[in-house]
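> One structure, as structure tokens, below. Some questions next.
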Amino acid sequence: MSTPRYDFHIHTEYLKCADETMKIKDIVKSCEALGITKLAITDHLNNFEKADKHFQIAEDIAKLETNIDVYFGVELNYMGYDGQFAYNEEIKERIGFQFAIGGIHSLYVDEYSLEKIIDIQHMHHIKTCENPLVSVLVHPYWLSLSVFVKNNWPVVNHIKALPKSHIKELAQVSRDTHTGIEINAHTLLLEGFGEDFQRYYEEYIGMLAAEGAVFSFGSDTHTINTLKDIELCFDLSKKLKLEEKQIWKPDCEPMKSQTFIQ
Ligand SMILES: [Zn+2]
Ligand SMILES: [Zn+2]
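As structure tokens, then:
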């Protein structure tokens, strides 16, 4: 079976997170060259005030001429430890988002405790999967190395320290809610958390797969030259022999699909 060539996590220049190379028409051109068949633009929505900025993304998608399926998504972030996402049915309808991906982006600890860090991440992973407005849990266990360095905390392989019960619980909730657990190119390339980090990350995805989890692929790139890193996600999927039914895709029609007749 060939691995579906999807990328459902891509940023643009508009929300000031990705650089100026991330223009929608150039992203789509690069994805065409990489043989991607479905992609989603998923820029950040970290607070309610930024929602309207996403209209320009929808406008650009509407102007595209491409044979590949392009979706209009959004990436959500928790507004605080006990916070919610800056998202609801009204915003989804008004802006026209086709689906949302989301997850935790902070550690939420004042002092070092690996166990606490892992538990907080896990609690937010479960909460994200249980949210009916979120289709994909982004980059589980991607952690910001700079926070550890700044605080002089020990940097160890946290994937290696994950309790099996957490992995099992996440796989079950993914399976039950059909929420895609993201295989994220950034996390595959994460450096500093031990030289065998990648091997353990691969094993972690394999354990989730064995428990029946559903996966989504995301480059999560913020600059055009690294769009190609999505290949790492496909390579891992092949290595783990993931089946097509285990790979998440949107259940709606793309915003722009096969409109360009050659
Ligand atoms: Zn993110
Ligand atoms: Zn992202």
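Numbering (the numbering used here), first residue to last: 989 to 1250. Don't be surprised by glycine CBs; every beta carbon is placed ideally from N, CA and C.
1) If you follow the alpha helix (DSSP H) that aspartate 1057 is part of, which residue opens it and which one closes it?
2) Indicate, with yes or no, if ligand 1 has a heavy atom lying under 7 Å from the CB of valine 1062.
3) Which partner residues does glutamate 1103 have in the DSSP bridge list?
4) With 16 other CB atoms within 10 Å as the buried threshold, where does valine 1062 fall?
5) For glutamine 1250, does the three-state DSSP call read helix, strand or coil?
6) What would DSSP say about aspartate 1031, mapped onto helix, strand or coil?
7) I'd like to know if the segment 1178 to 1193 and the segment 1006 to 1020 are in contact, where contact means that at least 3 CB-CB pairs between them fall below 8 Å.
8) Report the partner residues of lysine 1041 according to the DSSP bridge assignment.
9) Select from Phe1087, Pro1142 and Gly1091 the residue whose C-alpha is nearest the C-alpha of phenylalanine 1073.
10) Determine the contact status of aspartate 1217 and threonine 1209, defining contact as a CB-CB distance below 8 Å.
11) CB histidine 1127 to CB histidine 1166, shorter than 8 Å?
12) Indicate whether the contact test is met: 3 or more Cβ pairs, each with one atom in the segment 1029 to 1036 and one in the segment 1051 to 1068, closer than 8 Å.
13) Who are leucine 1125's beta bridge partners in DSSP?
14) Is it the case that the Cβ atoms of tyrosine 1192 and leucine 1150 are separated by a distance below 8 Å?
15) Would you grab the beta carbon distance between leucine 1215 and leucine 1022 for me? Rounded to a whole angstrom, and I think it's under 8 Å.
16) Considering only heavy atoms of ligand 1, does any lie closer than 7 Å to the CB of glycine 1091?
17) Using a Cβ-based criterion (distance less than 7 Å to any ligand heavy atom), does valine 1126 qualify as near ligand 2?
18) Measuring only the C-alpha atoms, how far is phenylalanine 957 from tyrosine 1096?
19) Rounded to a whole number of angstroms, what is the C-alpha to C-alpha distance between glycine 1068 and alanine 1050?
In short, the structure shows the following:
1) That residue, aspartate 1057, is in no alpha helix (DSSP H); its beta strand (DSSP E) goes 1057 to 1065.
2) No, the beta carbon of valine 1062 sits no closer than 7 Å to any heavy atom of ligand 1.
3) Checking the DSSP bridge columns, you'll see glutamate 1103 has no partner listed.
4) Classification of valine 1062: buried, given that the 10 Å Cβ count is 16 or more.
5) Caution is warranted here: a pLDDT of 47 is assigned to glutamine 1250, below 50, making its placement in the model unreliable, and the coordinate value is therefore given only provisionally. For glutamine 1250, the three-state secondary structure derived from DSSP is coil.
6) DSSP places aspartate 1031 within a strand segment (E or B) once states are collapsed to three.
7) Taking a cut-off of 8 Å on C-beta distances, the segment 1178 to 1193 does not touch the segment 1006 to 1020, as fewer than three cross pairs fall below it.
8) According to the DSSP secondary-structure assignment, lysine 1041 is paired through a beta bridge with no residue.
9) Checking every option, the nearest Cα to that of phenylalanine 1073 belongs to Gly1091.
10) Going by C-beta atoms, aspartate 1217 is nearer than 8 Å to threonine 1209.
11) No, Cβ-Cβ distance for histidine 1127 and histidine 1166 is not below 8 Å.
12) Touching, yes, given that three or more Cβ pairs across the two stretches are closer than 8 Å.
13) Per the DSSP secondary-structure output, leucine 1125 pairs in a beta bridge with Gly1090 and Ile1169.
14) For the 8 Å CB-CB criterion, tyrosine 1192 and leucine 1150 form a contact.
15) The pair is a contact, with the Cβ atoms about 7 Å apart (cut-off 8 Å).
16) Remark: the shortest separation between the CB of glycine 1091 and any heavy atom of ligand 1 falls under 7 Å.
17) Taking 7 Å as the cut-off, the C-beta of valine 1126 counts as close to a heavy atom of ligand 2.
18) The displayed coordinates of the chain run from 989 to 1250. Any statement about residue 957 would go beyond what the structure contains.
19) Taking C-alpha positions only, glycine 1068 is separated from alanine 1050 by approximately 34 Å.
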